[in-house]
Structures are given as structure tokens and as C-alpha cells.
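Residues 301 to 1365 (this note's numbering) make up the sequence shown, in order. Each remark here refers to the structure printed beneath this line.
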Amino acid sequence: MVTRSLSDNLRETLALFGDSGAPRTTTEVADRLDLGRRATYERLDRLVDHGELETKKAGSSGRVWWRPRPRPTDRVSDASDWPAVAESLIGVLDDAEVGMFVLDADFEVVWVNDATERYFGLSDERVLGQDKRTLIEEQIAPVVEAEASFAKTVSATYDDNTYAERFECRVTAGEEREARWLEHRSRPITSGAYAGGRIELYYDITEQKQSERAHRYDQTRFESLVEAVEEYAICMLDTDGRVRSWNTGAEQIKGYAPDDVLGEHVSMFYTEDDREAGVPETNLAVAAETGSAQDEGWRVRSDGSRFRSNVTITAIRGADGELEGYAKVTQDMTEQRERERQLRRERNLTEQLLEIAPVRLAVFRTDGSIERMNSQARRQLGIDESAVAEFSIEDLNLSDVDGNPIAVEDHPVSAVLETREPVFDRMVQQERPDGRRRWVSLTATPLFDEDEQLDRIVVAGNDVTELKQKERQLERQRDELESELEDVFERVDDAFYAIDGEFRFTYVNDRAEELLGRTEAELLGCTVWEALSVADDDPIRDRFETAMATQTAASFERFSEPLGIWETVRVYPSESGLSIYFADITERKARERELEQYETIVETVDDGVYAVDPDARFVTVNEAFCEMTGYDRDELLGSHATTVHADEITPRAERLVTEAVEGERDVAKIDLDIQTSSGETIPAESRLAPFPIGDEYGRCGVVRDISDRVERERALEESERRYRTLAENFPNGAVGLYDDELTYTVAGGEYLETIGVSSDEIVGTTVSERYPDDLVAAIEPYFRAVFDGKSNSFEVAYRDRQLLAYTLPVRGADDEIAAGMLVIQDITERTEYQRRLEESNERLEQFAYAVSHDLQEPLRMVTSYLQLLENRYGDALDGDGEEFIDYAVNGAERMRRMIDGLLEYSRIETRGDPFESVDLMRLVEEVCADLQFRIEETDAEITAEGLPRVEGDASQIRQVLQNLLSNAITYSGDERPRIDVTAERDGPKWIVSVRDKGIGIDPDDTDRIFEVFERLHSREEHDGTGIGLALCRRIVERHDGEIRVESEPGEGSTFSFTLPASRDR
């Protein structure tokens, strides 16, 4: 653009040069203008002085001229604006937590920003000019974890500076630095002042790492809870009601392995009548509509048996409210019915927080009336609590910053009611009851109900009178300093001296004396060459001599070695000599070098960088911003900022920048959606900073794509919501998380409602604060053992309830113990049932003992008299008489054995030995020794290999093995008995199996054979009392195990029973 200070002749000349930058010779311009060469030369030279053209010598006496291309920085305003823009951009990059190194072609540090110094604990004096390899080895790598790997990776980029590098590293904490995660990004510099060098950026990703870890921790927390609870069947369903997950409790209660049910519909667990009645679908529909559904009824196990259960189905919804699936919790209710009530929150801490807040707080209704004020607000207004109901917005006596009364419609509350958006830091004046005015910063925040309808408005007021007074004092001091500086600048002129045709000084002004370091008296009569120590080959000689010879003015910039400064020199010839004006431009040159650095940085960083003028039109964008938005640079420059974001973003950004200019905030940051040229939307974060353009302010900023962060936050919220949904609906029990100080951080479950306690009362309290001292002394060791990696289960009595508690560690993704988990089940009814059962068993045992003892004596007497009768009168008896006596004796003997077996059956629980580690292989060998004669008689083959050690009563386990092996020999049929004894690990238990190839059992009889006195064969076929297998089941149940048989007639039988694994390794 031609400036207005040009004459018509100069404008005519400049019009011959297009924006393309193509050069023209002096002769070409003279021909086009139809002027003489000298007049043309003068016009061109004056355009150079105006900065509109550039020139250089071509050949021995020729010269070419061209119009310079505008630099990207020229689009902002004139060059004087650029230092402010650059400094603002660097400040924004610092705020955006981006550390930067700029390296020259020798990989020496030429620039480093504050963020880098803060990250690595460096100072610019120790860094600038240093070789980066040495800096890595001595100062940077030692503070980074994986020091060798870091140094090797970075140094490799210097050996081959042709590629971009990107990796993550962790800086350790030190005396002058914080521990943090950084992402290294670097690439070669291919143009500009530092071409051949490299730029290195370090992004602070600590928050990202913490967010990822929190998400993994929360997911682990949820999975730990589900897997820890074995007495509940917990499964997750998709939106169609198909099984997505299956915990250990579900497998134990329902008998299905995960592979049997995953992908199947939940209706498979319902009875046929419920399926026909549509109960499964109804439960899912109710849960989807109301949030949860509870149902009590019969359910079906994998073996076809039915059990009474209580089922809670809870709908899981995403942050957008869309249904994502269901959580289904099933409790076995066969022995007792669960008494459930949903958890109700009874207390709300909001009231307390409102009262103790150190700032004024008031709650407004949607009609603009005041619902309540805290004590701070009432004290400032000089009213008591009873007067709040009658108080109104008009009574607040608010004025704006100019002292004008604020109408009701302009109050922040009215603004929130209209826009549903919060109002931050609105500065107002308030007249106190005593007549004094105070400055108050108001923030109004909307509160929404579950239907996203505006429910209340909370207004916080902070008295900033003292801060406002200090601000005005600083403004007065600033104005005074600016006035003084203007006076100084008005007295500063360029240095000037005059020389004659012999290049001798004829005049020197004060400024020239100052820069040259010599007085006018010392310089007059001296040649400029000797006074300035100008070398023979210094280009200034040629410039002065050319100007003198051609009588042509010249203007140029040079670095003066003698003076040690950069200077701009303007030479004006005359008949008597030369007039030389020169000025020190060292600072300007430094700023230009900084601008080159800034341009290199701006075009190299991966984040989008932009600047807009006061009208919100783009004046600068970097390549990363163009790639993010999908627009070309030419499309963006000059276009309005709303090209890439919604209309409401501009006033919000301008308000933030205004607050930054006025000192009301240090960092201006805004979240927005970037609208790309293709119509896509990218969630982004922008950090803003103002820069001056004349009397107004533009704004520049760094924009970062936060899509990954938004997705991490969404996943974290979903995981947390899923965990809390399950915890808060945990049936007939409670779940809690606590930290290493034994302070509860999460609590939920229906047991809390049973005892009349809300989760809010528990969260934030310690174990010692919640429970009596004697209970704390009993349970605290279990709570603390969690942080040593140990899990425990124990029973306690609390508030007239009997509880079964589990404590177990919750580990994060790094396998570190992050918290402790407490799972409680109310077993009051079950305990009472067990107590009554034990009393009944005890009475049964006493009865059995009494019966067996009382029957033994008559049986012995009958047997003795029969034997006496046989001895005395045997010769007188015929064959029938002897047979009758044998029947009677044998019957009495069978009765004796049955009584002995019944007595032994009743004493299983009370007369057993303590549990210990038992070697099953040794027991099998001992049993085989006892059965040696029967084994030899039947030629039986018994094999047993790899049997483990188990925990139990050795004599009772031996009795089980003897009964099963003896039966296997007895019922082998006509074939040689072949018997295998094996064992298979199943979690904390062993499944021991005795398999034969005998006559087998009808499947309809597999349950009956374990009952007392039940027999499948007559005594003529096989002798026995019918107590042996019942005795085996009683012994196995004493060991918390189960016994079962799988058989088909003619196919043999397999008896399997479970025993706990030995605690000895």
C-alpha cells in the first residue's frame, strides 16, 4: 500500500512495481517514466528512504530495484507493534505450559523460554550459548527418569537432523522444580535465521497422565468391588438385556461358567412361567424408565434347580442420558428373605458450607427474590436473618464503576436469568448502612435441576475495596512515569555531523558527540576515516565517496565495530560536502532478531497460534492453526474470528481480554468448539493475551485440540457413575472406600438405610471416629492390613446387627495399592438361624447318644441269651430252629452296627479333630493298606497320582476315602475293580474324585444315596447299614465342601468332593 506521505511523482514511480517483488533496473524505470536517468535515480532513492523499495548494486555501475514482499508480521500493523505481539505470544505459550529451546545450526542454545527453565530448574544465564549435547548430559538428563534413554533419544536428533521426534518423559522433583510429565516434540528448522538448527518443545501432560491414572484406578475399583463380593451374583447387561460380564458370585450362585452365559439373554435365569408372563422384559423396561427395578421371586440354576432370589436391575446411562446397559445384582434368598430399603440421603452439607464460607453468599429464586443469605452477607448489609425474606435486589444499593445506580434488570442475577450463563467478577460499588461505599466483585452462578431447568442462582460477593485503592494508586504512578518518558523522548534527536570535500569534520552535534565518544573540538579538522578508525575495505568508504561523487543521497544500516552499535545512516550530499544523520538502532535490531525467533517458534509449534485485531479479524495465523481449521492462510487472514467458532465466543473472549488488560485476571482461558471448513467440530482450549494496536487492543492466543482430554473425562465420568450406581444400590449390605489414614472417601449401600445413617455422614470420617473404642481395637488391624496387600474377612456385632465384613486392597493400573475397600453384609438372620440349627443339632446328638446307649444294652442281652440258648439247647433244635436263631443273632448284630453308625454320624461336628495340613497321597496309601485283603481277594487295581495337601481333619477325610474306595470295590460287578483317585484345583479348593468302572447308579437315585439308611440294593445282594455315604456328606460339609456323584447304569460312577487347599506351601 502507498503511504499518504508520498508525492504524486513518487506514487507514479511506485505504481510500476507490482506486489510480486520482480526487480527493475534504473534504465527500465526511466524509459517507462520518460525521464532522465538522474531524475529517475533520485525518485527511486527517495522511495528506498520511505521503505517502499529495496535496492542493490548490479554489475560495476548498475543497480536494480524491487518492492519487498510483506512479511507475515507486517499484517498486524507497523513494525513497532510486533514486539508487543511477540511478547504476548510467548507469554501465552508459557501459560499454555509449553517449554521451548531454539538451537542454531551448531546446536547451541540461542533462545529458551520461562516454562523450560521452570520445568528443568535452569536459568537462562547457564543455558544461552551452551552446546545442547553438553547441556543434556550435565543438567537436563540427570533430572529425568530413564536418564540414559532420554539422552540417547534427544542426542540422536542432532546426529541426524532430518526428522521430527516425539516421546514422553518424567521430570523428577527437585529444589527448584516440580515433578511432572512432559511430552517432547522437536523438528528441524528449515528456513530463517536459524535454518539447519532445531526447535524443541516440551508440553506439560501431567494433568493428562493423572486423568488417565484416575480412570484406570476407578475402573480397577469397580472391578475389585464386583469380584470381591462372592455372595451376590453381579452381572452387566447390554441395552437388549444380554449378559456382558459375569462375576464369581454369579458363577457360584447360579452355577453357570462365564462362557455359558456371555451373550445370552437374562431371561434364561427366570422360570418358564415368568418368561411366559414377560417378567424379564417388564423388569428391564421399568429399570429403563424409572432408573431401577426390584423383583423377588424364583430363579433357575444351571442344573435346573430353583432358588428364591431378590434381584435389583439398575439402568446405566451416559453423560448424555442415553441408556448404555444395566447392572443386575442377584442375592440368594432361599434360607432367609432380604430386608431391603433404598438409601435415602438425610442430611445436606450445603447449609453448613453456606454459613461458614468466608465470602458473602446469597441464594436467589428464579423470580429474583432472595431465599437466604449467609452470615457474612447479613453482617455486611447490617440485617439479621429474620429480615432476609423481605429483602430485595433494590435494597442492595449497588452502583456501577462510574457510580451510577444499577437497575434491577442490569443486576448479575437478572443477567443469569436471561442467559442461563454465569457472570464472573462483575465489579460494583455498594453503599453500606453507615454511608460508606465499598468495592465488591460479584459472581453469579446458575444451579439447574435434574431436568436442566434453572432452579436457583448463587451469588458470591468479595470485598475488593483495598485492592481497588491500590490499583488506582498504581495507575496514577503509571501515568506520571509515562508523562516523564514522553518529555524525555521529545528531547531526543538523531546524531548529526558534517564533513567537507576532504571528508574532514566541520560540525558535530551533542548527540553525535555522545555516540562517537569525542567532543566537537577533538573532531573538527580530523578526517572521518581516522576519527572513526574506518578500515580501507570498510563499505562505508565506498558509500560516502559514491554519494559525494554522484551527489546522490544514500541511506543504509550497518554495524559499527568501533562504536559497537548497530546504526542507521542517512547521507545527504551538497557542493560543500556531506551531511550525515545517524541513530543507534541496536535495540531495534535486537527486537528484529527476537521477531525472527518468535516467527520460527510460532510456525514450528504443534498448537494453533493466531492474532486478531480489535475488530476480531485475523491478522496472523500459523500453519498448525490452518491445519486444525482446514482453511488456507489466505482464507483466514482478514476474515472474522466467527469463521472458526460460534458467534457467542467473540464477546466472551473480548471480556476476558479486557479483564486481563485491567489486571483483573492473570490468565485468560476459554473452552470452545472449533468449526472446521469441512463442517466438523473440534473441542479446543484457547489461552488469550492482549496486545496493543494504537489506542486499542487486539488479542492473540494459542489453541489446543482437547479431544483426547474430553474423551478421557467422559470415560472417567462414566466409570465413576457406574461404580457409584452399583455402590449406592448394593443390596442388604454396604460398600466403602478408605484411604491410608482410614478415612472413608466413598460409602453406599442399603444397610446404611437400615441403621438410619446417610453416606454423607460417613464420608470424611475416620474409623476411630465412627465406631466405639472396643470395636475399633478389634477391626483396625484388618483395615490397616489392606495396605500391606492382605485381604481379610471377619464377623462383628454392631448396632444390634451381626455383620460379615471383608477388607481388601484396591490396586491402580500400576499395581500400587490406591485404597482400601470394605464390603459389609448383614447376616443377623442367618446367624440366628445357624444358632438355632446348632442348638437343634446339639439336642439331636444328645438324643442319638441316649438312644444308642439305651438300645445297646438290650441288644447285647438279646444276643447273649440267643447264643446261650444255642449253646445249651442246640442239640435239641432242628434245622429250622437253628436257622431262626441265626436270623435273630444276625438281626441284632445289624441293629448294633446301625446304632454305632448313627452315633458316629451325630458326632461328626462335635467329636472331630482340629483342621491341619493333610497329605492326601499318604491317606490313600493307608486306606489301601487297611483294605489289602479285599484288594487281593478281588484283584482290584487302585491308582492315585499327584494328590495334593489339603486342610482338614485327617481321620475324617480318611474315613471318606475308605468308604468311597470300599464301595467302589463292592459295586464293581463281575469285572476286576479298576479305581482312579484324582484331584483338580478350583480356586481356593481341591476337587477330589474317586472314579470306578462298576455297575453304576440310576441318575434318579444320585441324591437319595446320601440320605441316612437309604439303600439301592437288598442285603442279600450287598451288605451294609445305609449310613456310609450320609457319613461322607456330613464330613465333607464340615469342611465347607460339597459331594456329588455322576453315574449311568453299567458305565461306572465318579464320586467327587471338595476340600480346602492347604495353607502350607
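In this text, a Cβ means the ideal position worked out from N, Cα and C, and glycines have one as well.
Take the Cβ of residue i as the centre, count every other Cβ of all protein chains shown within 10 Å, and call the residue buried at 16 or more, exposed below.
i	result
E1050	buried
S1353	buried
V708	exposed
K1297	buried
N704	exposed
N583	buried
L767	exposed
G1252	buried
F1357	buried
T326	buried
E1284	exposed
E507	exposed
Is residue i helix, strand or coil by DSSP?
i	result
R1135	helix
L863	coil
T886	helix
S1293	strand
L1231	coil
Q680	helix
A1283	strand
N1263	helix
A615	strand
M400	strand
S669	coil
P1360	strand
M928	helix
Y556	coil
E1320	Caution applies to E1320, whose pLDDT of 46 falls short of 50 and renders its modelled position unreliable; the model cannot decide the point.
E352	coil
N413	coil
L878	strand
L333	helix
Q1167	helix
P323	coil
E1055	The amino acid at residue 1055 is misidentified as Glu; the sequence shows Ile. Coil, per DSSP.
For the candidate residues the options, whose alpha-carbon lies nearest to that of residue i?
i	options	result
E875	T868, T852, D884	T852
R737	P1081, L681, I949	L681
S855	G877, Y881, D404	Y881
V834	N809, E845, S860	S860
T612	S1059, Q594, E867	Q594
R1295	T1243, E857, V1057	T1243
L1108	L1166, E750, G621, D1088	D1088
I1257	E1216, E1237, S977, R732	E1216
S978	Y997, V944, G998, E959	V944
G908	I1006, G541, R841, E996	I1006
D702	D684, V728, E685, D1100	V728
D1115	R1222, R513, I683, S675	R513
R1363	R1249, E1348, G1341, A1229	R1249
Would residue i and residue j be called neighbours here (beta carbons separated by less than 8 Å)?
i	j	result
L698	I706	yes
T1043	A1119	no
P983	Q631	no
R332	L353	no
A557	E564	no
V688	R672	yes
V329	W365	yes
R480	Y419	yes
R965	S939	no
V1281	V1218	no
L742	T666	no
S511	E1013	yes
L1261	I1279	no
- Every unbroken beta strand (DSSP E) within the segment 706-746, with a cutoff of 3 residues, ordered by chain: With a minimum length of 3 residues, the continuous beta strand (DSSP E) runs that stay inside the segment 706-746 are 723-731.
- Message: In chain order, what are the residue ranges of uninterrupted alpha helix (DSSP H) at least 4 long that sit wholly in the segment 560-584?
- Response: Those alpha helix (DSSP H) runs which fall completely within the segment 560-584 and span 4+ residues are 572-576.
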